[in-house]
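Following the working numbering, the numbering of the sequence shown begins with 1 at its first residue and continues without gaps. Report on the following structure.
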Amino acid sequence: MNNLAVKTETQTLLEPLSFRIQKGESIGVLGESGAGKTMLTMALLQLLSSPLQVEGSVIVHDQDLGLLSNEQLRSVRGNTLGYVPQNVQAIFDPYRKIGVQMVETIRAHERTTKREAKRTAIASLREVQLKDEHYHFFPFQLSGGMLQRAGIALVFSLQPELVIADEPTTALDEETKTVILELLLRKQREEGLSILFVSHEIDVIKKMVTRILVLENGKCVERGSVDQLMNEPSSDRLKSFLHYEAVLGRGAMKND
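Pasting the structure below:
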């Protein structure tokens with residue numbers, strides 16, 4: 001990602017930002033509500049439209065995503081880049097069964113039969129500790145935590161190389177949060193998955209990543225390794241995070 005920025009005709013919403021994610025690497029984006037975290041993920045995925053203007057470039061396997069057709073982008077988003085949004089309900093059509101939607105998504109990205117796609121879908125549901133029967137459920141029949149897991153199962157059924165996880169554990173119970181975080185770490189360890197982990201919770205993010213970018217008002221105010229930033233923070237924003245963690249036992253800012 002090289003000098004990626006988001007602007008309107010009169011305002012800069014995300015100042016130019018550059019970083020690179022290697023295979024098997026995990027990077028965290030830390031910031032409070034309005035810091036620009038979700039804006040960054042949307043720009044990375046080429047999901048912003050007019051009147052927002054995206055400048056800079058996002059390079060994946062020597063391809064500039066900004067120069068690809070919509071069809072090419074759809075392929076990259078599924079097979080190379082996986083996206084776990086905070087509002088996972090947006091992934092699913094509420095009036096169609098989870099399994100049907102998973103099979104259609106898998107077959108849209110891979111040349112496979114319905115039977116093979118169903119097998120892949122069920123295996124992915126099992127990975128997030130859902131049952132085979134949940135394949136036949138409608139989204140509204142699942143709890144919020146179970147639906148979040150189903151959304152992650154859908155993402156991993158396509159075997160992406162990089163997962164962009166935007167607040168994937170916000171408002172979840174501890175059991176579901178643990179399942180999701182452990183799955184991400186296992187995929188990274190065993191399959192070389194790369195992770196861009198976006199969060200306002202410092203206690204979570206420092207367990208998941210090796211490097212952190214701290215955003216404030218659309219600008220990266222600090223970056224570095226987890227050890228470096230935890231021991232020698234320089235920005236007021238990160239110092240506030242660490243203060244809250246020390247006082248409350250958990251560092252968190254207001255969520256987007």
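Even for Gly, the Cβ is constructed at its ideal location relative to N, Cα and C. Nothing here was measured: the structure is a model prediction, and the numbers come from that model.
{"Asked": "Three-pair Cβ contact test at 8 Å for the region 64–78 versus the region 27–43", "Found": "no"}
{"Asked": "Uninterrupted beta strand (DSSP E) stretches inside the region 131–170 (no shorter than 3 residues)", "Found": "162–166"}
{"Asked": "Secondary structure of residue 3, DSSP reduced to three states", "Found": "strand"}
{"Asked": "Contact with chain B by residue 220, beta-carbon distance below 8 Å", "Found": "Included in the structure is just one protein chain, with no chain B present."}
{"Asked": "Beta carbon of residue 55 nearer than 8 Å to that of residue 3", "Found": "yes"}
{"Asked": "Span separating the alpha-carbon of residue 77 from that of residue 198", "Found": "17 Å"}
{"Asked": "Contact the region 154–165 vs the region 110–127: 3+ CB pairs below 8 Å", "Found": "yes"}
{"Asked": "Cα-Cα separation between residue 332 and residue 10, rounded to whole angstroms", "Found": "Because the chain spans 1 through 256 in this model, residue 332 falls outside it and cannot be assessed."}
{"Asked": "Three-way DSSP call (helix, strand, coil) for residue 110 in this model", "Found": "coil"}
{"Asked": "For residue 57: DSSP bridge partner residues", "Found": "2"}
{"Asked": "Among 138, 247, 62 and 113, the one whose alpha carbon lies nearest that of residue 96", "Found": "138"}
{"Asked": "Cβ shell of residue 207 (< 6 Å), same chain only, five flanking positions each side left out", "Found": "none"}
{"Asked": "The region 81–91 touching the region 16–35, judged by at least three CB pairs closer than 8 Å", "Found": "no"}
{"Asked": "The region 225–240 / the region 183–192 touching (three or more Cβ pairs under 8 Å)", "Found": "no"}
{"Asked": "Whole-angstrom distance between residue 245 and residue 203, CA atom to CA atom", "Found": "8 Å"}
{"Asked": "Spatial distance of residue 102 from residue 193 (CA atoms)", "Found": "21 Å"}
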